[in-house]
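Accompanying notes for the structure given below.
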Amino acid sequence: GAAPSGTAQLDSVDWLSRFGYLPSPDPVTGQLQTQEALTRAIRAMQRFGGLKETGIFDQDTLLLMGTPRCSLPDVPEGSTGRSRR
Amino acid sequence: ALMPQSKWNKRHLSWRVRTFPKDSALLGHDTVRALMHYALKVWSDIAPLNFHEVAGSDADIQIDFTKADHEDGYPFDGPGGTVAHAFFPGEKFSAGDTHFDDDEAWTFRSPDADGVDLFAVAVHEFGHAIGLIHTSAVESIMRPYYQGPVGDPLKYHLTYEDKVRVWQLYGVRDSVSHTDRPGVPPPTEPPVLGDVPNNRSTLPMARDAPDRCSSHFDAVAQIRGEAFFFKGKYFWRLTREKHLVSLRPAQIHRFWRGLPPSLDGVDAVYERAADHKIVFFKGSRYWLFKDNIMEEGYPRPISDFGLPLDGVDAAFVWLHNHKTYFFRERRYWRYDEQLRQMDPGYPKASALWKGLPPDLDDAMSWSDGSSYFFKGREYWRVPGSAVEAEPGFPRLTSTDWLLCSQMQADSPDPEAPDAAATTGDTRRQPDRAHDGYEVCSCTS
Numbered sequence: 207g208a209a210p211s212g213t214a215q216l217d218s219v220d221w222l223s224r225f226g227y228l229p230s231p232d233p234v235t236g237q238l239q240t241q242e243a244l245t246r247a248i249r250a251m252q253r254f255g256g257l258k259e260t261g262i263f264d265q266d267t268l269l270l271m272g273t274p275r276c277s278l279p280d281v282p283e284g285s286t287g288r289s290r291r
Numbered sequence: 528a529l530m531p532q533s534k535w536n537k538r539h540l541s542w543r544v545r546t547f548p549k550d551s552a553l554l555g556h557d558t559v560r561a562l563m564h565y566a567l568k569v570w571s572d573i574a575p576l577n578f579h580e581v582a583g584s585d586a587d588i589q590i591d592f593t594k595a596d597h598e599d600g601y602p603f604d605g606p607g608g609t610v611a612h613a614f615f616p617g618e619k620f621s622a623g624d625t626h627f628d629d630d631e632a633w634t635f636r637s638p639d640a641d642g643v644d645l646f647a648v649a650v651h652e653f654g655h656a657i658g659l660i661h662t663s664a665v666e667s668i669m670r671p672y673y674q675g676p677v678g679d680p681l682k683y684h685l686t687y688e689d690k691v692r693v694w695q696l697y698g699v700r701d702s703v704s705h706t707d708r709p710g711v712p713p714p715t716e717p718p719v720l721g722d723v724p725n726n727r728s729t730l731p732m733a734r735d736a737p738d739r740c741s742s743h744f745d746a747v748a749q750i751r752g753e754a755f756f757f758k759g760k761y762f763w764r765l766t767r768e769k770h771l772v773s774l775r776p777a778q779i780h781r782f783w784r785g786l787p788p789s790l791d792g793v794d795a796v797y798e799r800a801a802d803h804k805i806v807f808f809k810g811s812r813y814w815l816f817k818d819n820i821m822e823e824g825y826p827r828p829i830s831d832f833g834l835p836l837d838g839v840d841a842a843f844v845w846l847h848n849h850k851t852y853f854f855r856e857r858r859y860w861r862y863d864e865q866l867r868q869m870d871p872g873y874p875k876a877s878a879l880w881k882g883l884p885p886d887l888d889d890a891m892s893w894s895d896g897s898s899y900f901f902k903g904r905e906y907w908r909v910p911g912s913a914v915e916a917e918p919g920f921p922r923l924t925s926t927d928w929l930l931c932s933q934m935q936a937d938s939p940d941p942e943a944p945d946a947a948a949t950t951g952d953t954r955r956q957p958d959r960a961h962d963g964y965e966v967c968s969c970t971s
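Quick look at the structure:
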């Protein structure tokens, strides 16, 4: 997906990490995220934002990501990724 | 719940605006403080929390307007983007602290396009400061996205879902019905304006109103960082910057609600360090106030403090040790607010406080760290942890605190005709502009 234009120098992946939808980048692989994880994160963000869950950075999603907001994450750290059974 | 819920273990929380918006012509300091007051009140109206503005640096909720990277792990990003954040309750030193991006165009009662409504964002952030996390509910104030102004701060009410979430943390405030549902108006509109501090009388100054420039004062106190000078049924109020709020004294009974109408003055007043409640002394009795509303069950005898029933001249909290000191004639006592008892070994001779006179009118601590003692028309300053008045004191209270020149009086002698009015001789008319002062009375 394209980086949202309204998020002031943050690309969309960084945005998803920043607000808790993607786990922090792997220290070995750097910023690489799997497409599956990215799609899941976009869907979670869309669900939380009340948007249609498309799993892609569509126009409504980018618009919401450009909306002024609180700095705190929507999904607190540690609650993303696989959970121990 | 997405995370272990954090909440404050105490119910009395202090707050302070440490830094203000730098470039906002619209939002003065008093307006910002008022908006913070009302944003916190949104939560304390429904949950058993009590917020008190304080002057010191150890407030539970420190409020800052800052920008860019301010070294808390949440850098701001200029206009738009992230606009504010707050720290959840917990063990961290920063718990409760609330930061607003100073690069935003903060507004109040302005159209949405003009900027970001400070009150709406503050209500959201204070939700975090008391332990609430983000929610996806569209109507919730805890939705992470800024949704525009929320209307008049005096009339704003949380959605039912927001109320339930804060009730889950702290329970329901006694005066609130948790069965009130959305769409069902409350039986009576809460007296929102009733809590607004109002020291402005709409009536002409009464004939018995004292002259601040020739008075000595019954009591003096620092309350919420501001100075209050009491005389008879009136008081004057100075902001924390020592600006006189009004040249006119306000009537005690119009501001401090619950004092008996027959009370014609007070002996001593102080703000308790532990819970920021305010204690008024008169003779053998005392009254306890939460903000400017009297608590139930008062007056009570001052023997509750372990004081003799003949009264109190002065009461203040010494910043050096946070103990409360009571003075009466030539003796003083030291009281421990935590233990709710007098410290052993008291009373002692007030002469131990070198340079101070006996039979004080009252005393208070001030934000400069000094303690101030008042008697007659004079006052003494005792710096920091010292127990001796500074050289150069006493000085005149009226000139240093009440904006009087040495010869000035508030009003002409009522017995004498106004020479300026009758003869046109303006040279005899006191002109405060000539003193270099212009004093305005205003509210936020």
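Chains as they are written, first to last, in the numbering used here: chain A, 207 to 291; chain B, 528 to 971. We treat Cβ as the ideally placed atom computed from N, Cα and C, and that holds for glycine. On a predicted model such as this, the values are computed, not experimentally measured, just so you know.
A residue is called buried when at least 16 other Cβ atoms come within 10 angstroms of its Cβ; B/Ile657 meets this threshold and is buried.
Against chain A, the beta carbon of B/Pro671 has neighbours under 7 Å at Arg275, Cys276, Asp280, listed in chain order. Sequence-ordered contacts of the stretch 254-271 of chain A with chain B read Phe254, Gly255, Gly256, Leu270 [C-beta pairs closer than 9 Å].
Against chain A, the CB of B/Tyr601 has a partner CB under 8 Å away; the residue lies at that interface. By the Cβ neighbour-count rule, B/Leu887 is buried, with 16 or more other Cβ atoms within 10 Å of its own.
By the Cβ criterion, the stretch 675-683 of chain B is in contact with the stretch 560-567 of chain B, since at least three pairs of Cβ atoms, one from each stretch, lie closer than 8 Å. Following the DSSP letters along the chain, one finds B/Tyr687 inside the alpha helix (DSSP H) bounded by residues 687-697. Residue environment analysis places B/Arg867 among the exposed positions, since fewer than 16 neighbouring C-beta atoms fall within 10 angstroms of its C-beta. Contact annotation: A/Ser277 and B/His684 have beta-carbon atoms that are not nearer than 8 Å. Here B/His803 is near B/Val581, since their CB atoms are less than 8 Å apart. The C-alpha of B/Gly675 is placed about 11 Å away from the C-alpha of B/Ile668. Counting along the chain, the unbroken alpha helix (DSSP H) around B/Phe782 starts and ends at 779-782. Under the DSSP definition of a beta bridge, B/Tyr862 partners with B/Thr851, B/Met869.
Interface criterion met: the Cβ of B/Ser663 is under 8 Å from a Cβ in chain A. Contact of B/Thr609 with chain A by beta-carbon distance below 8 Å involves Pro274, Arg275, Cys276, Ser277.
Listed in chain order, the positions of the stretch 630-650 of chain B with a beta carbon within less than 7 Å of a beta carbon of chain A are Val643. Given a length threshold of 3 residues, each whole run of the beta strand (DSSP E) inside the stretch 870-933 of chain B is given here in chain order: 889-892, 898-902, 905-909. The beta carbon of B/His847 does not come within 8 Å of any beta carbon belonging to chain A, so the residue lies off that interface.
Across the set B/Trp535, B/Ala878, B/Ala842, B/Trp860, the C-alpha of B/Trp860 shows the shortest separation from the C-alpha of B/Asp870. Within chain A, the residues Cys276 have their CB atoms less than 8 Å from the CB of B/Glu652, given in chain order. Looking at the DSSP output, B/Lys682 bridges to nothing. By the Cβ test, the stretch 802-818 of chain B is not in contact with the stretch 583-595 of chain B, since fewer than three Cβ pairs between them sit closer than 8 Å. At least one CB atom of chain A sits nearer than 8 Å to the CB of B/His612.
Shown here for A/Asp266: same chain residues with a beta carbon closer than 6 Å to its own, the five before and five after excluded, namely Leu257 in chain order. The criterion of a C-beta distance shorter than 8 Å is satisfied by B/Gly785 and B/Ile820.
In this structure, B/Pro616 lies near B/Lys534, with their beta-carbon atoms less than 8 Å apart.
Taking each of A/Asp280, A/Pro279, A/Pro274 in turn and checking the Cα distance to B/Val648, the smallest one comes out for A/Pro274.
Only residues of its own chain outside the window of five on either side were considered, and among them Ile668, Met669 have a CB closer than 7 Å to the CB of B/His651, listed in chain order. B/Tyr565 sits in a helix when the DSSP states are folded into three classes.
Cβ proximity to chain A below 9 Å picks out nothing from the stretch 680-699 of chain B.
Contact between B/Phe635 and B/Leu645 is confirmed by a C-beta separation of about 6 Å, below the 8 Å threshold. For B/His655, the chain A residues whose C-beta falls within less than 9 Å of its own C-beta are Cys276, Leu278, listed in chain order.
Of the candidates B/Val909, B/Ala754, B/Asp585, B/Ala801, the residue whose Cα lies closest to the Cα of B/Tyr862 is B/Ala801. About 13 Å separates the beta carbons of B/Tyr899 and B/Ala842, which is beyond the 8 Å limit, so they are not a contact pair. Relative to the Cα of B/Phe853, the nearest Cα in the group B/Ala795, B/Ala916, B/Phe627, B/Gly759 belongs to B/Ala795. Taking the C-beta atoms as reference points, B/Trp907 is found no nearer than 8 Å to B/Ala913.
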